[in-house]
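Position one of the sequence shown corresponds to residue 22 (the working numbering), numbered consecutively onward. Glycine included, C-beta positions come from ideal geometry on N, C-alpha and C. Data first, discussion second: the structure below is written as C-alpha cells.
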Amino acid sequence: MRMTQNYVAYSASQQLNSQVGPNTSNIQPMSSTSSPTLRTVNQQTTQYSGYSAGTVMQSHGTATQYKYVDTNLMNSSEYGATTQTGQSANMVNSLSTTTNYNNKSMHPTNSMGTHPSYNLSGENTNYSKITATSNCNSQLDTNNSRNLANSQNYTQQSVGMSLPYGSGSSNLSYAQSVSMLSNNVSNQIPDLYNQVSTLIKSVQTRVDPAQIPRPTYGNITEDECKIYESDKYILPPLSLYEPFIQILDRGNSTCHFFRLTLNQIPSQHSILQSMRLPFSVIIQPFPHLPDFAEPIPVVNTSSNIDPVRCLRCKAYINSFTAVSSDGNQCVCNFCGHIFEIPLDYLRVLQSQFRNQVQTCSNVPQIDENYPELSYGVVDYFAPASLGVPINPDLPSYCFVIEASLLAVQYGITGTVLYCLKYLFSQLTTSFPDIHISLILFSKDLMLFPLQKRNFKDFEDLDKYDISSNSAKCGLFSTRMCVVTDIQEPFMPCPVQELSIPIGENIEFLSDILDRIPELIQSHSTNYSAYFSAISLASQIMAAKNTGGTIFTFCSSAPNIGIASINTKDITAGPKSPPRRTSKGLKYSCGFVSGYIVQNMQQLDNIIQYCRNNNTSVESFILSPTIYDGSKVISNILSCSTLAYIPQHTGGKIRLLSNFSASKNYQDLYQTLYNIFMIQPIAYDCTFKLRCSRGIAISKIYAPWTAGSSTPDLSAFQIPKIDSHTSIAFTLRHEESLDQIKTVYLQAACLYTCKNKKQRMLRVLTLSVPVTTSITTAFRYASVEPLINLYTRMAAHHIISKGQRDLTNTSNSVVSNLTFASNQSPGSILKSWRQETLNSIIEMLFAYRENCANTSSSGQLILPDSLKLVLVYTSSIFKNPALMPLNTVLEYSLDEQIVGLHTLLYASVGYTSAHLYPRLYSFHHSILTGTPELQQLESLGLPYELTLLNSNSSMSLKLTRFWLNSCLPCSGERVFSDGIYILEDGVNIYIYIGSQVSSNVIREIFSVDFITKENIDTLEVPINISESNNTTIASRLSNIIYQIRMDRSNIANHLPIKLVSGVTELNEARFKHLLIEDAIGCESSYVDFLCSVHKLVQNKLVES
C-alpha cells in the first residue's frame, strides 16, 4: 500500500505571500516606520520529519501575539492612568529580533546567508525602544511600560509566522510599496500625494493595519506549485491555491473532497469541549478538478464481482483495511468486524494491505485492476446488487421561460431564446442524445410539440430538398399548444412530441426559437404563472422517466396560478434601520417578512413530485431596472419563495439584477455553457457517510435540510449534486479514543453521470489521526472549513427560522418540524451573530488558558493555524446576506436572499474567496514616482509556469497572465488616480478613480470620460488578439481572463461590474466589499480585533 501510518509534516520553506516579479529577484523584507509590538512564539517543541518535495501552506505549532496599548482597556491599578474612550493611544514603537533555526536550509535567508532580523523602529518617543539579542523575542510590558525580554529558543523545523518586514530592503513588493505610500508617501513625492485622495479617510488606530493578519494572494510562481501527497501532509494547502497545486491521492482522500476543521481529533470529548471548536467535515463529492490533476480511477469490474464490503457496517474496502495472517479474511477498519473476502482479491490483499500481520518478502507493484486498495477516491460501475438500473438514459432538460409583457418589453425573453439557440448548437455536437423541451408562460402556458407533416402518399416530399436546413424544417409542422388551465396544468401532447432528442431535431429547435417571439405576441400579459409552468415541466420530466433539470427564467413575481405570491406582504416592512434601545437593536416583523415562503403546502407538493422523479430545478432570475419616467420602480420578486423549490431539489438560484439584454447576454450564455459543457454534475444521488468506531454524526448542514427534519443524519437522497455543492457534517465522540491512533470517514455516493449512460458509485475514504494533546489539536486546526461552517450555520439558522411565518407553526417538506410561535423576529436576526462571536471568544480564551497561559494579559494571542479567524469573522458580520433585510441600502432584498441561499451549499473555496475579496491595483495616472509602482506595467503580460509531475521526470508548462500581490481590502488603499480590480468569487468589479487619465479611459472604453449616462453602456474589451497584448486594454482583458480561470473551481462565470464615483449606488456597493473598513453598524477590522481582545481579557479577569 502507498500509505504509511507515520505522518510526515512538510517543512515551511517559504511564505506564500512573498511574490517574485517577472524580472525581479526574490523580494527582501522592508522596514516600517510605525508598527505594533508583535512577536511569534512556539508553544511546544516537536520534531517533524521534513518532506523535500513540498512546502506547507500554514505554519505549525505557533501562536501569534498582537500587543498594543488600548486606552479603552486601561485601569488605574494596572496602567496607572486612564484616558477617555475613543482617544487614540500611541503604539508600542519598536521591536528587533534575530532568530536562529536548527535547519537553515529550510528557511529563506538574506544576502548575508543568515536569517533576516526584523527591526521595526518607530518615530514615537512616548515609549522607550527595545533591542533583543539572538534567540530572544522582546516585548513591552503594558504594566508601567516596563521593558521585558522573553527568551524563546526555536527548535522546531516547522516555525511560526514571521513578519514580512525587515531592515535594509531595497526591493519591495507592490503591496508593500502601496502600504508605504499610504503611510509615508509625503516624504517621497509630496506634490503628487497632495493631488490624490483615498476612497475613505485614513483613521488613526492603535494597531498598525499593515501588521495584522489577513489572507494573502498574488501571482502564482513555481514556489507555490509544489506537489502535495495525501499521505504526507497534515494541514492541507489553502483552498484558493488548489487549482495550481498538484495534490496527489496516496490512499487518503485529498482536500479537493474533504476539509476538516480539526485535522487531528482529540482523544477525549472533554478535550474537544475545552477547545470550544467544532469537529466538522466539509464534503464536496464532485469538485471541479484542475486539468492537470490525476483522473479519478475507475474500478475494473470485468469479473462481475461486487465491491467488497464489511458485512456488518457496510463500509467499502479501502487502503486502510487490514488482512488476517492467512489472507482469507479482512478486518474492517471502521467497526473491527472480521469477514471473508472473495478469492479474486486474495493475491492483492496478501501483498498490498497496509496492516497485514504476515510480512511478504517480495512486494509487487500495485495492481492497476485494484485502485480501491491504493487510492482514497475511486469510482465503481454500479453493481446490479444495489437494485438500480445499470445503464440509465441520459438526463433530460426542460427550459421554462417567462413571456410576460415585462419580460418581452425589456428583451429578457428574446435574450434567453437567443442564448439557447447557440447553446443547442454546441450540445448537438457534444451530447446529441439528450432530450430537450420548451415551455413559455405568462397568463397561459405555451408548448411547442414536434409533429411531422402528413405528406399524402409522400407525393409532396419531392418538392423538398431535405439536404438543406430550411427544407428539413419544412418536414415538421410548427405549431404552439396553449394550456389555459393553470390551476391544474396537463400535458396536451404525448411526451415524445414535447421532449425531443436535440441531435436529430436541431433544425426544428433553431427554427422554433426564431419564431417564438412572433407566436407568443398575443399571449403576453402582465401575469406570470411561474409555478404552474414548473408543475407542467415536472410532469414532462416524470413522463420521460430519466431525471434531469428544469431550467427556469423569470423576471417578475408569480401573480397567478399555482402558489401565486402577494408581493404587498413583502414590501410592507419598514425601510429604515431597526430602532436602537437600551437592550440593543429592536427589529419589527417587517424585517423577517422577506424570509417567509408563501403557499408552502403547494410548493411542497411540487418538490415531492420532483424528488420522486429525480428532477432538480435551476432558477435564473433576470430582474431589469424598471423606470417610470425618471423614477426607478422597485421590482420585488420574493426570492425566498422562488428559491424554495431549487433549495430542496439540489438546484441553484441565480440573480442577475439590473439585467440588460444588450450587456448581460454574454454572462447568461457563458453560465449556461459552463453548466452543460464544463461543470461536473451528478444526478439521482444517494449519499451515505460512515464513521469509524468512537465518533458519530451529530448534525448535517445542506440546503435541503434547512428548515427540515432529517431522520438519518448520515444519509440523504437528492436529484442533483453539482461541482459547487458541499455538505457539512458535525461530528461528536461516542466513546474515548485513547486506545485508537486513527479514526476513519468514508462517504459513498451512488449517482448517474451527466454525459454517460452509466450508473456509478463514488467512494471517498479519509483517515484522521488522534491526539491526546490540546496544543496539537489547536496546531492542526484549519480556519477555512471553520469559517465555512460558521457561515453555513448562520444561513441555515436564518432560513430555518425566518422563512416561515412566525405567528403560526408550520410543517416542513420532509416531516413534522415545527417552529415555536413565541420566537421574536429580533432573536432570529441577531442570535446567530452572538452565538458565533461567543464561540470565537471561548475558543481564544481556551487557547490562552491551555496553551499560552504564561503570556501577558495585555497581548492578544491567536493560534497560528487560526490567525485569520478574526478577519473572516468580521467579514461574516458584514456580509449583506447575513445582515437584516432592508437595512443594507446598497443591496436589494432579493439580492440578500439569494446570497443567503448561496451560503447554504457554498464550498470552502467559495467562502474564503467571498468573505475576503482580492483587491488588485492595475493603473495609476499620477502616483508613478516609485519603481515599485512602475511594476504595474507587467500586469496582464503572459509568462510560463512549469509544474512538475508526481515522479518529477516530466514537467507541465502552463501559460498564465501576471498578477501582482493583492492589497489589503480597505478603502485606504484605493487612490483616486487609480484603476482597481476587485474579485469576490461572485463578480469582478473594476473601479475607475475620478482622476484617472482620459487617455487611459479612451484606450479601454473608447470614450473620453465616464459619466452617469454612459457607465451602464460601457463594456470592458475581452478576447483581444494576443499580438497586441501590451496595450492597457489587452492587459486588463488578460487579467479578467486569468481571474475567471483561477475561480472556475468555485464559480461558473464571474460577470464584470464597472464602478465609478459618478454612480453613488455602485460605489457604495464597492465600499461594502472593502471588509476591513467599518460598514454600517459593524466596526473596522482593527477595531473588531481590539474589541475581541477586550472580551478575552474580561474572561481572563473573571476566571
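- Just so you know, the alpha carbons of Glu1024 and Leu962 end up roughly 17 Å apart.
- Setting aside the 5 residues that flank it on each side, Ala802 is surrounded in the same chain by Thr282, Leu283, Leu298, Pro884, Ser886 and Leu887, each with a C-beta closer than 7 Å to its C-beta; the list follows chain order.
- Taking a cut-off of 8 Å for Cβ pairs, the region 630 to 644 and the region 898 to 911 do not touch, as fewer than three such pairs fall below it.
- Its chain contains Val320, Pro328 and Leu782 as the residues whose beta carbon lies nearer than 6 Å to that of Tyr401, once the 5 sequence neighbours on both sides are disregarded; these appear in chain order.
- Around the beta carbon of Lys652, a 10 Å sphere encloses fewer than 16 other beta carbons of the protein chains shown; the residue is thus reported as exposed.
- When the five nearest sequence neighbours on each side are left out, the beta carbons in the same chain lying within less than 7 Å of the beta carbon of Ser946 are those of Asp998, Gln1016, Val1017, Ser1018 and Val1021, in order along the chain.
- Taking C-beta atoms under 8 Å as the contact rule, Ile221 and Gly920 fail to qualify, at a distance of about 23 Å.
- His1074 is a Cβ neighbour of Asn695, given a cutoff of 7 Å.
- In the structure shown, the three-state DSSP call for Phe420 is strand.
- Exclusion of the five residues before and after Gly715 leaves His754, Glu755, Glu756, Ser757, Leu758, Ile761 and Val764 as the residues of its chain whose Cβ lies within less than 8 Å of its Cβ.
- In this structure, the beta-carbon distance from Leu1039 to Phe1030 does not fall below 7 Å.
- Counting C-beta pairs closer than 8 Å gives three or more between the region 426 to 439 and the region 568 to 581, which meets the contact rule.
- If you draw a 10 Å sphere on the C-beta of Glu1103, you find 16 or more other C-beta atoms in it, and that means buried.
- Where Thr450 is concerned, the enclosing alpha helix (DSSP H) starts and stops at Ile433 to Ser451.
- The continuous alpha helix (DSSP H) containing Gln691 extends over residues Ala682 to Met698.
- Ser959 is positioned such that its CB atom lies no closer than 7 Å to that of Tyr1001.
- With 16 or more other Cβ atoms inside 10 Å of its own Cβ, Arg711 counts as buried.
- In the DSSP annotation of this structure, Val504 is not part of any alpha helix (DSSP H); the continuous beta strand (DSSP E) holding it starts and ends at Cys502 to Val504.
- Between the beta-carbon of Leu415 and that of Ile455 there is about 5 Å, and that keeps the pair under the 8 Å contact cut.
- Sixteen is the threshold: since fewer than 16 other Cβ atoms of the shown chains lie within 10 Å of the Cβ of Thr793, the residue is exposed.
- According to the DSSP assignment, Phe529 belongs to the alpha helix (DSSP H) that extends over Ile527 to Leu540.
- If the five residues before and after Pro510 are omitted, its C-beta is found closer than 7 Å to the C-beta atoms of Leu466, Val504, Ser553, Ser556 and Leu557, all from its own chain and listed in chain order.
- For the pair of segments examined, the region 731 to 744 was found to touch the region 298 to 313: the number of CB pairs separated by less than 8 Å reaches three.
- Straight-line measurement puts the Cα of Ile654 at about 6 Å from the Cα of Tyr648.
- Proximity of the region 771 to 791 to the region 858 to 868 falls short of the contact definition, fewer than three beta-carbon pairs being nearer than 8 Å.
- Here Cys351 is near Val344, since their CB atoms are less than 7 Å apart.
- Apart from the 5 residues on each side of it in sequence, Cys987 sits with its Cβ closer than 8 Å to the Cβ of Ala196, Thr237, Tyr238, Gly239, Arg939, Leu940 and Tyr941 in its chain, given in chain order.
- The closest CA to that of Glu1097, considering only Ser545, Ser895 and Leu677, is found on Ser895.
- For Lys1115, the enclosing alpha helix (DSSP H) covers residues Tyr1106 to Glu1123.
- By the CB criterion at 7 Å, Lys1078 and Tyr1010 fall inside the cutoff.
- Boundaries of the beta strand (DSSP E) around Ala769: Thr763 to Cys774.
- Setting aside the 5 residues that flank it on each side, Tyr912 is surrounded in the same chain by Pro901, each with a C-beta closer than 6 Å to its C-beta; the list follows chain order.
- Looking from the CA of Val789, the closest CA among Ser463, Ser274, Ala769 and Val398 belongs to Ser274.
- With a threshold of 16 other beta carbon atoms within 10 Å, Thr980 falls short and is exposed.
- Annotation for Leu530: Phe445 place their beta carbon closer than 6 Å to its own, counting only its chain and skipping 5 residues before and after.
- Around the beta carbon of Val1122, fewer than 16 other beta carbons sit within 10 angstroms, so the residue counts as exposed.
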